[in-house]
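Undergrad: My questions all concern the structure below.
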Amino acid sequence: MSRSVPSFSLRTRCALRSTTVGLGSLFLVTGGAAFAQEVPNPQSPNANPPAAATVQAPAPAAEPTPNQDAEQAQTVANATQDDGGSDIVVTGIRASLASSAKIKRDSTLIVDSVSAEDVGKLPDVSIADSLARLPGVTAQRLEGRDQRLSIRGLGPDFSTTLLNGREQVTVGDNRGVEYDQYPSEFFRNVNVYKSADASLIAAGISGTVDLRMLRPLDQPGRVFAINARGQMNGIDSLNPDSSRYGYRASATYVDKFAGDTLGIALGVSATQTPSQDERYNAWGYNGAGTAASPYVLSGAKPYVQSNELKRYGGVATIEWQPSENFHSTFDGLYSHFEETQHLRGIEFPLAGNVSAANQAIGGVSNGFATSATFTGVHAIQRNDYNQRKADNFSLGWNNDLKLSDSIHLNVDASWSHAKRTDFLLETYTGTGYGGSGPADTVRVSQNSNGTYSIVPTLDYTNTSILRLTDPQGWGYNGTQAVVQAGFLNQPSFKDDLKSLRASLNGEFEGSLVRGWEVGANYSRRQKTSAYQSYFLCPKGAGSNCTVTSGTPTSAAIPAEALLGENVPLAYLGVPAMLALNPLYLYNNAYNSYYDNRPSSLVRDNVVTENVWTGYAKINIDGQLGGKNVKGSLGAQVVHSEQRGTGQIASVNNGVVTIAPADQKVNYTNFLPSATLAVELIPSGYIKMGASQTMVRPRLDQERVTQDVSVNVANIVANNPNVALNPVFSSSGGNVALRPYQSTNIDLSFEKYFAGGGYVALSGYFKHLTDFVDPNNSYAYDFSSLLPGLTPAQQAIVTQIGGTTGPVSAPANTGRGEVLGVEGTISLPFKAITSTLDGFGVFVTGNYTDSSIKYANNTTITLPGLSDWTASGTLYFEKWGFQARANYRYRSSFLAEVAGLSASPTYRTAKSEGILDAQIGYECQSGFLKGFSILAQGKNLTDRPFITYQNNDPRQVIDYQRYGRDYYIGISYKF
Numbered sequence: 000m001s002r003s004v005p006s007f008s009l010r011t012r013c014a015l016r017s018t019t020v021g022l023g024s025l026f027l028v029t030g031g032a033a034f035a036q037e038v039p040n041p042q043s044p045n046a047n048p049p050a051a052a053t054v055q056a057p058a059p060a061a062e063p064t065p066n067q068d069a070e071q072a073q074t075v076a077n078a079t080q081d082d083g084g085s086d087i088v089v090t091g092i093r094a095s096l097a098s099s100a101k102i103k104r105d106s107t108l109i110v111d112s113v114s115a116e117d118v119g120k121l122p123d124v125s126i127a128d129s130l131a132r133l134p135g136v137t138a139q140r141l142e143g144r145d146q147r148l149s150i151r152g153l154g155p156d157f158s159t160t161l162l163n164g165r166e167q168v169t170v171g172d173n174r175g176v177e178y179d180q181y182p183s184e185f186f187r188n189v190n191v192y193k194s195a196d197a198s199l200i201a202a203g204i205s206g207t208v209d210l211r212m213l214r215p216l217d218q219p220g221r222v223f224a225i226n227a228r229g230q231m232n233g234i235d236s237l238n239p240d241s242s243r244y245g246y247r248a249s250a251t252y253v254d255k256f257a258g259d260t261l262g263i264a265l266g267v268s269a270t271q272t273p274s275q276d277e278r279y280n281a282w283g284y285n286g287a288g289t290a291a292s293p294y295v296l297s298g299a300k301p302y303v304q305s306n307e308l309k310r311y312g313g314v315a316t317i318e319w320q321p322s323e324n325f326h327s328t329f330d331g332l333y334s335h336f337e338e339t340q341h342l343r344g345i346e347f348p349l350a351g352n353v354s355a356a357n358q359a360i361g362g363v364s365n366g367f368a369t370s371a372t373f374t375g376v377h378a379i380q381r382n383d384y385n386q387r388k389a390d391n392f393s394l395g396w397n398n399d400l401k402l403s404d405s406i407h408l409n410v411d412a413s414w415s416h417a418k419r420t421d422f423l424l425e426t427y428t429g430t431g432y433g434g435s436g437p438a439d440t441v442r443v444s445q446n447s448n449g450t451y452s453i454v455p456t457l458d459y460t461n462t463s464i465l466r467l468t469d470p471q472g473w474g475y476n477g478t479q480a481v482v483q484a485g486f487l488n489q490p491s492f493k494d495d496l497k498s499l500r501a502s503l504n505g506e507f508e509g510s511l512v513r514g515w516e517v518g519a520n521y522s523r524r525q526k527t528s529a530y531q532s533y534f535l536c537p538k539g540a541g542s543n544c545t546v547t548s549g550t551p552t553s554a555a556i557p558a559e560a561l562l563g564e565n566v567p568l569a570y571l572g573v574p575a576m577l578a579l580n581p582l583y584l585y586n587n588a589y590n591s592y593y594d595n596r597p598s599s600l601v602r603d604n605v606v607t608e609n610v611w612t613g614y615a616k617i618n619i620d621g622q623l624g625g626k627n628v629k630g631s632l633g634a635q636v637v638h639s640e641q642r643g644t645g646q647i648a649s650v651n652n653g654v655v656t657i658a659p660a661d662q663k664v665n666y667t668n669f670l671p672s673a674t675l676a677v678e679l680i681p682s683g684y685i686k687m688g689a690s691q692t693m694v695r696p697r698l699d700q701e702r703v704t705q706d707v708s709v710n711v712a713n714i715v716a717n718n719p720n721v722a723l724n725p726v727f728s729s730s731g732g733n734v735a736l737r738p739y740q741s742t743n744i745d746l747s748f749e750k751y752f753a754g755g756g757y758v759a760l761s762g763y764f765k766h767l768t769d770f771v772d773p774n775n776s777y778a779y780d781f782s783s784l785l786p787g788l789t790p791a792q793q794a795i796v797t798q799i800g801g802t803t804g805p806v807s808a809p810a811n812t813g814r815g816e817v818l819g820v821e822g823t824i825s826l827p828f829k830a831i832t833s834t835l836d837g838f839g840v841f842v843t844g845n846y847t848d849s850s851i852k853y854a855n856n857t858t859i860t861l862p863g864l865s866d867w868t869a870s871g872t873l874y875f876e877k878w879g880f881q882a883r884a885n886y887r888y889r890s891s892f893l894a895e896v897a898g899l900s901a902s903p904t905y906r907t908a909k910s911e912g913i914l915d916a917q918i919g920y921e922c923q924s925g926f927l928k929g930f931s932i933l934a935q936g937k938n939l940t941d942r943p944f945i946t947y948q949n950n951d952p953r954q955v956i957d958y959q960r961y962g963r964d965y966y967i968g969i970s971y972k973f
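Okay, so the sequence shown: first residue is 0 according to numbering that gives the first Met the number 0, each after it adds one.
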């Protein structure tokens, strides 16, 4: 019996398919990136045509590399045939992979790329998400977002980030760029260069990330594209004053005028991104780890944290090419972001913080106390509020003038500026000042994941026993006790970079040496760091929050500060705690006193770097021995002037003194480089690179400031060991630090298949010198400080030889090697059988080994280095449908986390594997052509971020669970 099949209109079919995707999002949600690389049209030549000289290295600023937009437009325009003979437009994932692959194939440098699927559609939620899928690139999650990128085992301090070929400043504390400051919708390509070239200014040791905006004159016509996406956290809102829902929206307009000689591209973007974090932090462990002396939890700090990142930005490009002799491009980018954090938790001082008589160990297993009961505990309940605001500006103007048939003059000017202010507020409540109130009895038991459940006896929602106070009496201003019922940090940073570059390049005829280039670059970077911090104490009598002046040691919690809804910490056993409004407390319940401890005063500093770079290179392009050969040979000469201004502070007998400090140093570096790419077999290449590169130290290590300490308690005639008990000591930065240096050898084998796809195997070796030891210490003669002591003290110091003391300052004492190999397979299954047309995989793997030693023969682990990393993506795209799943893995690594007073510290992070997936549909014809719907899911494995200490994975310090994130979005391209 036959059955009729209903016929649907085009509009209905698009609606049905979009609905199918929407329903599918309930089961399959985010995504893979278009990160690597499918082969371009197999009809294209095996080697670059001679005219494409810019592919040998990153093009001059503001020029795509290598003419990426035009190539991608062509790739998208190409069509293939399915078995039924209908046209299938290659767009989306496959077009993105093809564009990225062509960049990799055409460059003599070793490079991997991420390309936008379409105008305003760089894949993934953020730039860092996409880059973390590239071979040899990993990301550390911060607040649930991919942020700190490591390239080939070296962390963000060893790479540089460019925007359209220009070095950029950062809203972060140091040099490492925070990719949240850049809306991903604004970029057409992001290239990661893993080898160096003489024309690549400010190349990093590990690699160079170059963010590339689109060029309007390369677009085939007018484009108007809009995107909107909603977000939901998998974990419900953990704080009553936050939300689990967010959004993302963007619009892009591109057009050409005046006979296609004038082009403009405009883009706007707005984002509100929430996250929910369940956080556990152990203070450490007491004991020896034996049955007789097991490890016992010394304290813990469970928190719930809700974040909201708001960011809006705009971008504009004006491109003018009135003739073949002149080409001018102006770029402008602005972004503003504002991140707000609500943190609520309780700090429990346990073993070592209560007397041995108040500690009863229950079970012991494998050297750990699996359960224990503590009495006499005075916990610190915290309601904290952090807000960070930042603005980022970037302007660039590039002009290319054709002086003759073979010589071009290129001049580029740029300005990059970032400003950031933080408001970091801590508020404390407890049962009384300095352990004077009712004590708690706390039971802890070890969980299978290494954390401890914490079950208190006190009701931490009871306002009749909880007060605004300093529960442990920790407040101290350097000379006497203060009632520290809260604390406020207000750091601010300004980072400014101006640059001017000029170059001449030309061509030779009829020679293997095809071209030449000479140029110079001047840049001036200035980073200003300013800090203000305040002790917060209850309002009332007294002055300066000191106890001796009569400052109230506690105060009742104002009813107006109660949010009316308590916060549970049930994931660790704490039933609930008070939810207070910390801003109300700050504005109405606290007095503030400026923190003028020497260690606080010397944080303010300015670091200025004036850098002059000259370079020259020759380009090779032709045939040698019947093989297509390309490459370059060149060198840079870099002269640097480094200057630090700030203060030196000390305290003696309760008197704080400060003095201005100013220091300047100069040095010059010579950086040769060579690249070579040979097409050994059709579409099979061997690429080689040798170079000397450098990267400057962290900016906070270049500061001139010093915190000088005079310990009068050690001025005693019977001081047994002045070296261990010094009278004078100091800690700070080192303006005279030199850059890290690296001698690099890179080798890559790449084979591209005629039916699409490729395989690549790369090896790298880096010999590092002038490696900075941040904990370096040396002896110094402090005789100049003797007049600040009494005559009797001076006599004793002279008698015991106490004028010499330690100075802690970073120094270039380290050296070592990094050795690694990485492999990539990009395979569309159509190359195997036409039955699987539309399916494909992209798989990468990396192994890195390092050995770094300081002058004292201490061997260190490189921050951010995972010995093993891998990423695998399975995708399908055909008939407008697309789906992909990505799993990435990294072995354990040294992670940078926030330590005491938010200062950076390093801990070993456990290995992690993260699964993302996405599904979508785009209408291919009719009036809905260009409309698409997409559903995504991130961290579908719900993988937590875990750190541990002492190379013992059992000694868990941080356990942060971010949960899953879900997105659904639509886009329309007119």
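Every residue, glycine too, gets a C-beta built ideally from N, C-alpha and C.
#1: Residues in its own chain within less than 6 Å of V974 by CB, not counting five upstream and five downstream?
#2: At 3 residues or longer, and completely inside the stretch 717-750: list those beta strand (DSSP E) runs for me, N to C.
#3: Expressed to the nearest angstrom, what Euclidean distance is found between the alpha-carbon atoms of F930 and F875?
#4: T656 to Y178, Cα distance in whole Å?
#5: If contacts are defined as beta-carbon pairs under 8 Å, then I109 and D620 qualify, I think. What distance do you get, rounded to the angstrom?
#6: Under the three-state reduction of DSSP, which class applies to K103: helix, strand or coil?
#7: Evaluate A869 with the Cβ neighbour count: other Cβ atoms within 10 Å of its Cβ, from every protein chain shown; 16 or more gives buried, anything less gives exposed.
#8: In the DSSP assignment, what are the bridge partners of H766?
#9: Tell me, to the nearest whole angstrom, how far the beta carbon of G925 is from that of S149; I am working on the premise that it is less than 8 Å.
#10: Spatial neighbours of A480 within its chain, please: CB distance less than 8 Å, with the 5 preceding and 5 following residues excluded, ordered by chain position.
#11: Mapping DSSP to helix, strand and coil, what is N586?
#12: Beta-carbon separation of F367 and Y294 under 8 Å?
#13: At what residues does the alpha helix (DSSP H) containing I345 begin and finish?
#14: Going by DSSP, what residues sit across from D495 in a beta bridge?
#15: With D772 and G813 assumed to form a contact (beta carbons below 8 Å), what rounded beta-carbon distance in angstroms separates them?
#16: For a test of the three-state rule: what should DSSP assign to R214, helix, strand or coil?
#17: Measuring CA to CA, which of V454, E701 and P681 is closest to P574?
#18: Spatial neighbours of D1005 within its chain, please: C-beta separation below 7 Å, excluding the five flanking residues on both sides.
#19: Going by beta carbon distance, what residues of the same chain come within less than 7 Å of Y593, once the five residues before and after it are set aside?
#20: Could you have a look at S112 and say whether DSSP puts it in helix, strand or coil?
#21: Tell me the rounded alpha-carbon separation between A660 and V606.
#22: Where M687 and Y302 are concerned, what is the direct C-alpha to C-alpha distance, given to the nearest angstrom?
#23: Do the stretch 378-396 and the stretch 145-161 touch if we need at least three Cβ pairs shorter than 8 Å?
#24: Suppose you measure from the CA of A115 to the CA of M576; what does that come to, to the nearest Å?
#25: By DSSP, does Y961 sit in helix, in strand, or in coil?
#26: Q531 by DSSP, collapsed to three states: which one?
#27: When you compare only the Cα positions, how much space is there between V694 and F973?
#28: Roughly how many angstroms lie between the CA atoms of P41 and L499, to the nearest whole one?
#29: Which residues in the same chain as V842 place their Cβ atom closer than 6 Å to its Cβ, once the five residues preceding and following it in sequence are excluded?
#30: Near L400, which residues of its chain fall below 6 Å by C-beta distance, leaving aside the five closest residues on each side in sequence?
#31: To test your reading of the DSSP string, which unbroken beta strand (DSSP E) runs of 3 or more residues are found completely within the stretch 422-459?
#32: Just tell me which of G624, D915 and G643 has its CA closest to the CA of N604.
#33: Under a Cβ-count criterion, where at least 16 other Cβ atoms within 10 Å of its own Cβ denotes burial, should P57 be classed as buried or exposed?
#34: Rounding to the nearest angstrom, what Cα-Cα distance links P490 and R343 in this structure?
#35: Would S158 and T107 be called neighbours here (beta carbons separated by less than 8 Å)?
#36: Suppose the cutoff is 6 Å on Cβ atoms and the five residues either side in sequence are ignored; what does the same chain contact list for G288 look like?
TA: So, from the data block:
#1: Because the chain is modelled from 0 through 973, residue 974 falls outside the range shown and cannot be assessed.
#2: 727-731
#3: 19 Å
#4: 40 Å
#5: In fact, because the Cβ distance is near 18 Å, the residues do not count as touching under 8 Å.
#6: helix
#7: buried
#8: T742 and E816
#9: That pair is no contact at about 46 Å.
#10: G472, G474, T545, V546 and T547
#11: helix
#12: yes
#13: Careful: I345 lies outside any alpha helix (DSSP H), inside the beta strand (DSSP E) at F325 to P348.
#14: H416 and Q525
#15: 5 Å
#16: coil
#17: Looking at the Cα atoms, V454 is the closest of the given residues.
#18: With the chain running from 0 to 973 in the structure shown, residue 1005 is simply not present.
#19: These residues qualify, in order along the chain: Y533.
#20: In the structure shown, S112 sits in a strand (DSSP, three-state: E or B).
#21: 12 Å
#22: Approximately 50 Å between the Cα atoms of the pair.
#23: no
#24: 46 Å
#25: coil
#26: coil
#27: 44 Å
#28: Because the pLDDT of P41 is 30, which lies under 50, any placement of that residue in the model is unreliable, and the number read from its coordinates should be weighed accordingly. Approximately 40 Å, taken between the alpha carbons.
#29: The beta carbon of V842 lies closer than 6 Å to those of I824 and G871 in the same chain, with the five residues before and after it left out.
#30: F325 and L408
#31: 439-445 and 451-455
#32: G643
#33: Caution applies to P57, whose pLDDT of 40 falls short of 50 and renders its modelled position unreliable; the value that the coordinates give is listed next. Burial call: buried.
#34: 22 Å
#35: no
#36: Close CB contacts of G288 within its chain, under the 6 Å cut and outside five residues either way in sequence, are with Y294 and G366 (chain order).
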